[in-house]
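Residue numbers (our numbering): 72 to 175.
We put the CB at the ideal spot given by N, CA and C, even for glycine.
Below you can see the structure in the form of structure tokens.
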């Protein structure tokens, strides 16, 4: 059974505990026990050609969507049955349908 990753920060506002993680989301989600995360808030790279230090944001469409499938599968593994995924996705005028493909 995987061990959950170490949180970057923990907040306890009342009876709840909020844990924040810094690092590769796919690895953190894969390391989390199945069904152990109640909410994921994410704004993944949009594949718009933005220069990041460690991520190629100008991948061929098929590669980007395959990468999306990978992180979505990791999120599905970690989320509880009634968990929520809050997803922010962008697009560009030359490829306006990518955001819909990601959401699908």
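- Contact between residue 91 and residue 78 holds: CB atoms are separated by about 6 Å, below the 8 Å threshold.
- Contact between residue 150 and residue 111 holds, since their C-beta atoms are separated by about 7 Å, short of 8 Å.
- Here residue 114 is near residue 160, since their CB atoms are less than 9 Å apart.
- Here residue 122 is bridged, per DSSP, to 127.
- With 16 or more other CB atoms across the displayed protein chains lying within 10 angstroms of its CB, residue 100 is buried.
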